[in-house]
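Numbering (my numbering), first residue to last: 125 to 347. By construction, the Cβ of each residue, glycine as well, lies at the ideal position given by its N, Cα and C atoms. So the structure is just underneath, and the comments pick up after that.
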Ligand code: ATP
Ligand code: MG
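Pasting the structure below:
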């Protein structure tokens, strides 16, 4: 039997939007992932603004966004662990729970370019395969420059189509996956909410309703 393939998409998801979903769906299709876990962080290590929406709200919105989307699943792993969320711990934990599975960490090029700021990033790069997707305003081809001077990391550029079905490299590798990415960010969504603008086409409808119902992102302190 073929080993299960699991994608992990980490992030603040403040809030989750259709850009996240598009990347998850595309990665699942191209890598034949059995599922992609969307894992909102508890306290995100990279966020500077203070008023990140409470974890329970972010998790509930991710659950809503996954509903009805085959193979996409919200994971409370980091939120339940609490404290600052670090990817190396998350990968360790998923590896413990699913030792037979092949893991893929899914992230956008904007996040990958910061990888050297991650706690234990060298270890993370050996823990699993990476799928780095394009994102408007960022050049996917710059990915190797994030690791200048690092040896032993293999970058594999994928074409615009086709699936990665066959055997995978033994060594954890970084796959660069072009994506017709949506020009959407949570930062932009938060400022739209503050300006009282609609979110149609940016977030799933139930998420827009949830933001309204709970009065999220209306404060002045956010970004
Ligand atoms: P913020 O503006 O608050 O930073 P964000 O939109 O960048 O929010 P994050 O929660 O920071 O969302 O991102 C989580 C992951 O999703 C990151 O790996 C990021 O690169 C990726 N991602 C976010 N938006 C997109 C998008 N529009 N297309 C592809 N990937 C995205
Ligand atoms: Mg971001």
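With respect to the beta strand (DSSP E) encompassing residue i, which residues constitute its N-terminal and C-terminal limits?
i           : result
residue 266 : Per DSSP, residue 266 belongs to no beta strand (DSSP E) and is neither H nor E.
residue 348 : Summary: the structure shown does not reach residue 348, with the chain confined to residues 125 through 347, and so no result is reported for it.
residue 297 : 297-301
residue 256 : 253-257
residue 135 : 129-135
residue 278 : 278-281
Could you pull out every residue in the same chain whose Cβ sits closer than 6 Å to the Cβ of residue i, ignoring the five residues on either side in sequence?
i           : result
residue 232 : 257 and 259
residue 255 : 151, 228, 230, 299 and 301
residue 179 : 166 and 203
residue 284 : 302
residue 271 : 277
residue 245 : 239
residue 206 : 166
residue 146 : 306
For residue i, I'd like the list of residues in its chain whose CB is within less than 8 Å of its CB, leaving aside the five on either flank, ordered along the chain.
i           : result
residue 313 : 139, 141, 323, 326, 327 and 341
residue 215 : 132, 227, 229, 248, 251 and 252
residue 294 : none
Is it buried or exposed, residue i, if we count other Cβ atoms within 10 angstroms and call 16 or more buried?
i           : result
residue 156 : exposed
residue 317 : buried
residue 310 : buried
residue 211 : buried
residue 261 : exposed
residue 164 : buried
Expressed to the nearest angstrom, what Euclidean distance is found between the alpha-carbon atoms of residue i and residue j?
i           : j           : result
residue 225 : residue 182 : 27 Å
residue 268 : residue 177 : 33 Å
residue 332 : residue 154 : 29 Å
residue 175 : residue 338 : 15 Å
residue 129 : residue 200 : 19 Å
residue 234 : residue 289 : 26 Å
residue 137 : residue 343 : 18 Å
residue 296 : residue 320 : 45 Å
residue 243 : residue 274 : 16 Å
residue 221 : residue 195 : 18 Å
residue 126 : residue 287 : 16 Å
residue 213 : residue 160 : 18 Å
residue 193 : residue 308 : 19 Å
residue 336 : residue 223 : 41 Å
In terms of alpha-carbon separation, which member of the options lies closest to residue i?
i           : options               : result
residue 334 : 216, 306 and 188      : 188
residue 158 : 199, 274 and 131      : 131
residue 292 : 280, 205 and 285      : 280
residue 306 : 137, 153 and 144      : 144
residue 218 : 315, 329, 266 and 134 : 134
residue 304 : 126, 127 and 148      : 148
residue 265 : 282, 221, 126 and 287 : 282
residue 263 : 243, 236 and 286      : 236
Spatial neighbours of residue i within its chain, please: CB distance less than 7 Å, with the 5 preceding and 5 following residues excluded, ordered by chain position.
i           : result
residue 198 : 162, 183, 186, 187 and 190
residue 330 : 188
residue 315 : none
Alpha helix (DSSP H) containing residue i: first to last residue?
i           : result
residue 237 : Here residue 237 belongs to no alpha helix (DSSP H), and DSSP marks it neither H nor E.
residue 198 : Careful: residue 198 lies outside any alpha helix (DSSP H), inside the beta strand (DSSP E) at 196-198.
residue 217 : 211-221
residue 332 : 329-337
residue 318 : 310-318
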